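The block underneath contains the structure these notes are about, expressed in structure tokens.
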Amino acid sequence: MGKLRIKIRKQVLGENALYMVIWISVFLVPFMNAGLMSEAIIDFRASLLSWLKILPFFLLFLLNNLLLFRYLHRKHLYWVYYLVSIVLIVGVFTMLELYEQSDIAFAVSLGTIGQSFEAQHIVLTVFPWWGNVVAAALMFGANNAICIFYRNMQKDEDSERLKRQNIQAEMYYLKHQINPHFLMNTLNNIHALVDIDTEAAKQTVIQLSDMMRYVVYDTGGNSISLREDIKFIKNYIDLMRIRYTEDVTISFDYPQQLRGRVNIPPLIFIVFVENAFKHGISYNSTSYIKICIEYEEGFVVANFENSVNNNSKQAKPGIGLENVRKRLDLIYGNRYDLQIVEEKEIYRVTLRIPTLNDNEMHSN
């Protein structure tokens, strides 16, 4: 289990600070009115009654800001959001209107010390019934406008961060994944194959060329075809097979047929594949790597499993995995699922991500 990371964005702080200033100002209105009227003594009872009139609007604001907008409007359940909001606003002020017209609408006044208590009617609404409904609806609209404004600011910042992260991911892969050590071993294997199996050597050169072309030219966009990514992983695995004996079992299962174009973020899966080869292969004992990529309607599920040897147990996590986590957070927010299970002899990673296209990359 990874560490729980709590991110406090400056947009969130700015939005909450704005709300705080607005509501503090609203609740200070009775005192400011007393100052404008040059009253020598502030009537705290009148201020308290004014706060009671403001309270329904404040509670509705909290419900909208913390629950309705977050769990309905942001989930694009617009009709449900508007229906619930209308029913809530009308229901609250209808009950207050019925209270105002009832015989039990009284309370104990807050008199001065020594003054007898008397029952009086407390008016809990500022405007007539329809005026309160309109005012609350306008308050919801202003609240939503502020939320959307700060959310768009956050999306713009995430978009810029994601662009920089994609560039860093590509550069990281070029420097650390397709590194000189890997290329040297692959070229040595090709050299050995030239005298043994010329056709196999030619095919290996083509696979290596396809891999380099994929990294340099095809992954510059926001998304890549799942077919192309699978082909890239398959070429990587085929090149790695040359280095190992039959004691290493490598399996790769993937969809043979895909309807239409299925897009995923570039250079996501290869980090887990590379980690499986790096930490799951032992030259002293039988080892295995199992990779399975499946497509469900609207989702891609990738499973990476490898044996654990003594050397891999002591290996520290590389920056590749952390880089993938950051990119997934920026692209999907909380709409992806990454599970890592490390047991005594098995290391397993399961990643479930929604499919996307170029326009959806920055919609979170």
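Per my numbering: the sequence shown = residues 10 to 373. Backbone N, C-alpha and C define an ideal beta-carbon position, used for all residues, glycine too. None of the values given here were measured: they were computed from a predicted structure.
| task | Determine, using beta carbons only, whether tyrosine 223 and glutamate 208 come nearer to each other than 8 Å. | result | No, the Cβ-Cβ distance between tyrosine 223 and glutamate 208 is not below 8 Å.
*Rounded to whole angstroms, what's the CA-CA distance from methionine 162 to glutamine 20? Just pull it up for me.*
7 Å
### Query
Taking DSSP as the reference, what is the three-state secondary structure of valine 30?
DSSP places valine 30 in helix when its eight states are reduced to three.
request  = Over the uninterrupted beta strand (DSSP E) stretch that includes aspartate 219, give me the two end residues.
outcome  = Here aspartate 219 belongs to no beta strand (DSSP E); instead the alpha helix (DSSP H) covers 207 to 222.
Counted within 10 angstroms of its Cβ, other Cβ atoms place phenylalanine 136 as buried (16 or more) or exposed:
exposed
Item to complete: Return yes when the Cβ of tyrosine 159 is within less than 8 Å of the Cβ of glycine 342, no when it is not.
Response: Contact flag unset, no.
(Q) If contacts are defined as beta-carbon pairs under 8 Å, then phenylalanine 313 and phenylalanine 281 qualify, I think. What distance do you get, rounded to the angstrom? (A) 4 Å
query: For threonine 262, which residues from the same chain have a beta carbon less than 6 Å from its beta carbon, with the 5 sequence-adjacent residues on both sides left out?
result: Checking the sequence, you will find aspartate at residue 262 rather than threonine. Around aspartate 262: Cys301.
Problem - Contact set for serine 34: own chain, Cβ-Cβ below 7 Å, skip 5 residues either direction - result: none
Checklist entry - Is the beta carbon of valine 99 less than 8 Å from the beta carbon of valine 143? => result In this structure, valine 99 sits away from valine 143, with a CB-CB distance that is not shorter than 8 Å.
- request: Counting only the same chain and skipping the five closest in sequence on each side, list residues whose C-beta sits under 8 Å from that of valine 203.
  value: Ala210
- prompt: Helix, strand or coil: how does DSSP classify asparagine 74 here?
  reply: Helix at asparagine 74.
* Asked: Is DSSP giving tyrosine 356 helix, strand or coil here?
  -> strand
| field | Through-space distance from proline 65 to leucine 97, alpha-carbon basis | value | 11 Å
**Message:** Bridge partners for cysteine 301 per DSSP, in chain order?
**Reply:** Asp262 and Asn312
Element boundaries [beta strand (DSSP E), containing valine 225]: Valine 225 -> no beta strand (DSSP E), and no H or E assigned at all.
Does asparagine 38 pass the burial test, meaning 16 or more other C-beta atoms within 10 Å, or should it be called exposed? Residue 38 is actually valine in this sequence, not asparagine. The residue is exposed, with fewer than 16 neighbouring Cβ atoms inside 10 Å.
Checklist entry - Among the residues of its own chain, which have a CB less than 7 Å from the CB of phenylalanine 149, if the five just before and after it don't count? => result Asn73 and Ser94
What number of angstroms, rounded off, separates the C-alpha of alanine 116 from the C-alpha of glutamate 109?
No answer about alanine 116 holds up, because its pLDDT of 47 lies below 50 and its placement is not dependable.
Once you ignore the five residues that flank isoleucine 340 on each side, which residues in its own chain have a CB closer than 6 Å to its CB? The answer, listed in chain order, is Pro274.
Who are leucine 37's beta bridge partners in DSSP? Leucine 37 is not bridged to any residue.
Whose CA, out of Lys335, Thr213, Arg83 and Ile298, lies closest to the CA of cysteine 156? Arg83
inquiry  = Mapping the DSSP letters down to three states, classify serine 234 as helix, strand or coil.
reply    = strand
Checklist line | 7 Å Cβ shell around tryptophan 32 - same chain, five flanking residues per side excluded | finding: Phe67
*asked:* If you follow the alpha helix (DSSP H) that isoleucine 98 is in, where does it begin and where does it stop?
replied: 87 to 110
Query raised in the report: Since tyrosine 245 contacts isoleucine 279 with CB under 8 Å, what's their CB separation in whole angstroms?
Result: 7 Å
Three-state secondary structure (DSSP) of aspartate 346 | Looking at aspartate 346 - three-state DSSP - the assignment turns out to be strand.
Could you check where the alpha helix (DSSP H) with isoleucine 251 kicks off and where it finishes? Run containing isoleucine 251: none; DSSP gives neither H nor E here.
May I ask you to report which of helix, strand or coil DSSP gives serine 390? The requested residue 390 does not occur in the structure, where the chain is confined to residues 10 to 373.
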